[in-house]
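**Q** Its first residue numbered 361, the sequence shown is counted upward by one per residue in our numbering. Dropping a structure here in structure tokens format, bear with me for questions.
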Amino acid sequence: MTKVNNFTSQALSLADFTQDLYECLELPYEKDSIVRGNLITVTVETEHGDFKMSVAVRFDDTVESLKERFDALLAQEYDIIDSYQKWEADNYEHALVIQGRAFDSLTC
Numbered sequence: 361m362t363k364v365n366n367f368t369s370q371a372l373s374l375a376d377f378t379q380d381l382y383e384c385l386e387l388p389y390e391k392d393s394i395v396r397g398n399l400i401t402v403t404v405e406t407e408h409g410d411f412k413m414s415v416a417v418r419f420d421d422t423v424e425s426l427k428e429r430f431d432a433l434l435a436q437e438y439d440i441i442d443s444y445q446k447w448e449a450d451n452y453e454h455a456l457v458i459q460g461r462a463f464d465s466l467t468c
């Protein structure tokens, strides 16, 4: 694990520490990013649209731990999309839609 060197956590504020980590962070899928305080927000452009992912930085974070957390967030977004596509392929409809149709058939 690579820790950002040449300073101690007591010598920096969390915002400064976040900025220093961000400058070392390289994400291949990053389209745009914003650093506010200890929060790093990254916009990722995918075939499904843009995703915004945010990670709050702590003093015990490293560049690798931030990469892992962003990768996990991106994987989670793709898992959600995959589950929606699976439901669509299985002709899944939410229970409320089915109940609404049943109610309509009773009242019409």
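For each residue, glycine too, the CB sits at the ideal point set by N, CA and C.
(1) So, for Ser414: in the same chain, excluding its five sequence neighbours on each side, which residues have a beta-carbon less than 6 Å away from its beta-carbon?
(2) By Cβ distance, which residues of its chain are closer than 7 Å to Ala375, with the 5 residues on each side in sequence left out?
(3) Output the distance between the C-alpha atoms of Ala432 and Phe377, rounded to the nearest integer angstrom.
(4) Helix, strand or coil for Met361? Go by DSSP, reduced to three states.
(5) Let's test the definition: count the other Cβ atoms within 10 Å of the Cβ of Asp410 and tell me whether it reaches 16, buried, or not, exposed.
(6) Please say whether Thr403 and Glu437 have beta carbons closer to each other than 9 Å?
**A** This is what the structure gives:
(1) Leu399, Thr401
(2) Gly397, Asn398
(3) 22 Å
(4) Confidence is the limiting factor: at Met361 the pLDDT is only 41, short of 50, which leaves the residue's position unreliable, though a coordinate-based value still follows. Of the three classes helix, strand and coil, the one that applies to Met361 here is coil, per DSSP.
(5) A residue is called buried when at least 16 other Cβ atoms come within 10 angstroms of its Cβ; Asp410 does not meet this threshold and is exposed.
(6) no
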